[in-house]
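Numbering (this note's numbering), first residue to last: 1 to 180. Glycine included, each C-beta is placed from N, C-alpha and C at the ideal position.
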């Protein structure tokens, strides 16, 4: 009897911590960052507004280059340029389309390789507000500790279902990192 009481109590505590964590996750979404200087801008593909925000910061002169990671292999650079109205001078010098990533973990690997190849020490991660925590955690896991990361969240109209799923993905990443 005592063992089941303790077990029930532990389950209740875990459930309360999980629920409070979800409330925090959903209510305190990351915000847009002020434009400041970094070596690079990293934009994982996905929900709207990300690429536009990355280009805005790039064209403001706040970074040397921008990597759009996770681009579908069928997308041609000219199509991307036309879709986002990127001037030739910006596209030619400063925008890299990364085609190797298929998911957030792949975005992080692709970004780490790209940053290392260029010797960059700072980046601005531009992604959706609901995606920022997990994307930043995955990226921090792949980058050397001396890399400075600015988190620049794009505000979105996110559904409860998306938040629920993303919260659990974030918990999985966080748990794996804590166990390693």
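query = Can you round the beta-carbon distance between residue 104 and residue 153 to whole angstroms, since I take them to be within the 8 Å contact cut?
reply = Wrong, their Cβ atoms sit about 15 Å apart, outside the cutoff.
ask   = Does the Cβ-Cβ distance between residue 61 and residue 41 come in under 8 Å?
value = Between residue 61 and residue 41, the CB-CB gap reaches or exceeds 8 Å.
request  = List the DSSP bridge partners of residue 149.
outcome  = 123
query = residue 144 by DSSP, collapsed to three states: which one?
reply = In this structure, residue 144 counts as coil in the three-state DSSP scheme.
task = Can you tell me which of 79, 67, 162 and 75 puts its alpha carbon nearest to the alpha carbon of residue 108?
result = 67
ask   = Whose C-beta lies closer than 7 Å to the C-beta of residue 121 among residues of the same chain, with five residues either side of it excluded?
value = 39, 146, 147 and 148
query = In whole angstroms, what is the alpha-carbon distance linking residue 125 and residue 43?
reply = 6 Å
task = Could you spell out the range, first to last residue, of the beta strand (DSSP E) harbouring residue 57?
result = Where residue 57 is concerned, there is no enclosing beta strand (DSSP E), although the alpha helix (DSSP H) it sits in stretches over 50-59.
message = Per DSSP, what are the beta-bridge partners of residue 44 in this structure?
response = 69
task = Assuming residue 21 contacts residue 128 (C-beta within less than 8 Å), just tell me the rounded distance between them.
result = Rounded to the nearest angstrom, the Cβ distance from residue 21 to residue 128 is 19 Å, too far for a contact under 8 Å.
query = Can the beta-carbon of residue 32 be found less than 8 Å from the beta-carbon of residue 155?
reply = The answer is yes: Cβ separation under 8 Å.
query = What residue does the alpha helix (DSSP H) around residue 173 start on, and which one ends it?
reply = 160-179
query = Bridge partners of residue 128, per DSSP?
reply = 154
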